[in-house]
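**Student:**
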């Protein structure tokens, strides 16, 4: 699997400036979003929609 950063590992390691080792936060965030998207519980909300329309989408996603 290759990420948007061009890396190819299931758990991406990164080294910040301090030398400590951690996980690539972008990669972890994408894994979480993809997981819930596959389960059908991610709603795409558009910022320019009126509050009533957004509320209806949120209610539908939560039901």
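In the UniProt record's numbering, the protein residues as written are 1 to 63.
Backbone N, C-alpha and C fix where the C-beta goes; we use that ideal spot for every residue, glycine too.
Predicted model, so just to flag it, every value in this text is computed and none were measured.
#1: Within this structure, are the beta carbons of residue 42 and residue 28 separated by less than 8 Å?
#2: Consult DSSP for residue 2 and reduce its assignment to one of helix, strand or coil.
#3: In the DSSP assignment, the alpha helix (DSSP H) including residue 51 goes from what residue to what residue?
**Tutor:** Looking at the coordinates:
#1: A distance of 8 Å or more separates the beta carbons of residue 42 and residue 28.
#2: With a pLDDT of only 48 at residue 2, under 50, the local geometry of the prediction cannot be trusted, and no value is derived from it.
#3: That run of the alpha helix (DSSP H) goes 51-62.
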